């Protein structure tokens with residue numbers, strides 16, 4: 189769990205200092221790393237903790253358990269469809285902070301690699317690793333290298349913010365919203381996230397991914413642009429960067 193949150197037991201404790209927006213229709217929460225949005229089999233997740241406190245929430249989207257940051261929930265079922273539709277229509281703007289392993293990434297780049305789901309429900313690039321090509325600041329695979337079966341076009345853009353000792357801080361914008369997209373895209377171009385359990389066994393740190401900025405339109409027509417500053421547990425992954 190995120191720093192200082194391992195002892196959280198109540199909905200009010202989780203909300204304290206992490207509720208960025210609340211009205212009759214919606215709630216935006218800065219989720220700590222280590223908490224699932226919903227559907228956790230063994231531990232308490234955000235939706236279940238709220239339900240146990242008498243509040244029903246419907247997630248408009250998901251972020252991974254290992255990821256911290258902004259999550260949008262509907263507080264009324266009537267509002268859920270409109271909020272979810274915005275993610276499907278890509279009218280929501282999302283930016284993540286990502287601490288990637290290694291150096292050598294360009295100032296700006298795009299990763300345009302299709303995804304598929306393989307054995308044990310693992311998300312992977314829908315092409316052989318050796319087929320991935322880099323042309324300047326763009327990573328792609330040729331159409332004839334895409335493997336047979338279902339695959340999903342997936343694109344991620346990034347901007348380099350800081351380079352440290354064998355790691356790089358990025359501002360990442362997924363233009364599609366596939367499961368594990370950022371994590372898989374960066375790993376398959378050789379820059380897996382620091383502390384990502386998908387690609388490192390028993391990592392010593394939290395995963396370096398934080399849902400930083402989120403812009404969407406509320407059911408009342410108001411455009412909301414929100415930002416969640418990363419917590420100390422994330423900042424420790426890029427200690428020389430000034431997050432202020």
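Residue numbers (my numbering): 189 to 432. Just so it is clear, CB atoms sit at the ideal spot from N, CA and C, and this is done for glycine as well. This structure is a prediction, so every number in the text was calculated from the model and none was measured.
*Leaving aside the five residues before and after residue 223 along the sequence, list all residues of the same chain whose C-beta is less than 7 Å from its C-beta, in chain order.*
Start at 1 with the first residue of the chain shown, and residue 223 comes out as number 35. In its chain, beyond the 5 residues on either side, 189, 233, 234 and 253 have a beta carbon closer than 7 Å to the beta carbon of residue 223.
*asked:* Looking only at its chain, what residues have a beta carbon closer than 8 Å to the beta carbon of residue 319, apart from the 5 residues adjacent to it on each side?
replied: As a working mapping, residue 319 is identified with position 131 in the chain shown. Sequence-distant partners of residue 319 (beyond 5 residues in either direction) whose C-beta falls short of 8 Å from its own C-beta, in its chain, are 329, 330 and 333.
*residue 344 versus residue 269 - alpha carbon distance*: Numbered from its first residue, the chain shown carries residue 344 at position 156. Numbered from its first residue, the chain shown carries residue 269 at position 81. Rounded to whole angstroms, the separation of the alpha carbons of residue 269 and residue 344 is 25 Å.
*From residue 392 to residue 427, what does the alpha carbon distance come to, in whole angstroms?*
One-based indexing of the chain shown puts residue 392 at position 204. One-based indexing of the chain shown puts residue 427 at position 239. In this structure, the CA atom of residue 392 is about 16 Å from the CA atom of residue 427.
*Does the Cβ of residue 244 have 16 or more other Cβ atoms within 10 Å, making it buried, or fewer, making it exposed?*
As a working note, residue 244 is residue 56 in the chain shown. Result: exposed.
*Does the segment 298 to 310 come within contact of the segment 262 to 282, defined as at least 3 CB pairs closer than 8 Å?*
Using a C-beta cut-off of 8 Å, the segment 298 to 310 makes no contact with the segment 262 to 282, since fewer than three inter-stretch Cβ pairs fall below that distance.
*Helix, strand or coil at residue 354 [DSSP, three-state]*: As a position in the chain shown, residue 354 is number 166, starting the count at 1. Residue 354: coil per DSSP, three-state reduction.
*Same chain only: Cβ atoms within 8 Å of residue 350, ignoring 5 sequence neighbours per side*: Here residue 350 is taken as the residue at index 162 of the chain shown, counted from 1. Excluding positions up to five away in sequence, the list reads 356, 357, 426, 428 and 429.
*Cβ-based burial, residue 421 [other Cβ within 10 Å; buried from 16]*: Here residue 421 refers to the residue found at position 233 of the chain shown. Classification of residue 421: buried, given that the 10 Å Cβ count is 16 or more.
*Which of helix, strand or coil DSSP assigns to residue 192*: Against the chain shown, residue 192 aligns to sequence position 4. Confidence is the limiting factor: at residue 192 the pLDDT is only 43, short of 50, which leaves the residue's position unreliable, though a coordinate-based value still follows. Looking at residue 192 - three-state DSSP - the assignment turns out to be coil, as it is neither helix nor strand.
_For residue 384, tell me which candidate among 289, 280 and 238 has the shortest Cα-Cα distance._
Residue 384 sits at position 196 when you count from the first residue of the chain shown. Per the C-alpha coordinates, the member of 289, 280 and 238 positioned closest to residue 384 is 289.
*Just mark residue 192 as buried or exposed, buried being the case when its beta carbon has 16 or more other beta carbons within 10 Å.*
Here residue 192 corresponds to residue number 4 of the chain shown, with the count starting at 1. The pLDDT assigned to residue 192 is 43, lower than 50, so where the model puts this residue is not dependable; a value taken from the coordinates is nonetheless given after this. Exposed is the call here.
*asked:* Within 10 Å of its beta-carbon, does residue 416 have 16 or more other beta-carbons around it, so buried, or fewer, so exposed?
replied: Translated into the one-based positions of the chain shown, residue 416 becomes position 228. It counts as buried.
*Could you name the residues of the same chain whose beta carbon sits closer than 6 Å to that of residue 403, not counting the 5 residues immediately before and after it, in chain order?*
Here residue 403 refers to the residue found at position 215 when the chain shown is read from its first residue. Closer than 6 Å at Cβ, skipping near neighbours: 281 and 413.
*8 Å contact criterion, which residue 293 and residue 348 should meet: CB distance rounded*: In the chain shown, the residue the question calls residue 293 occupies position 105. In the chain shown, the residue the question calls residue 348 occupies position 160. The pair is a contact, with the Cβ atoms about 6 Å apart (cut-off 8 Å).
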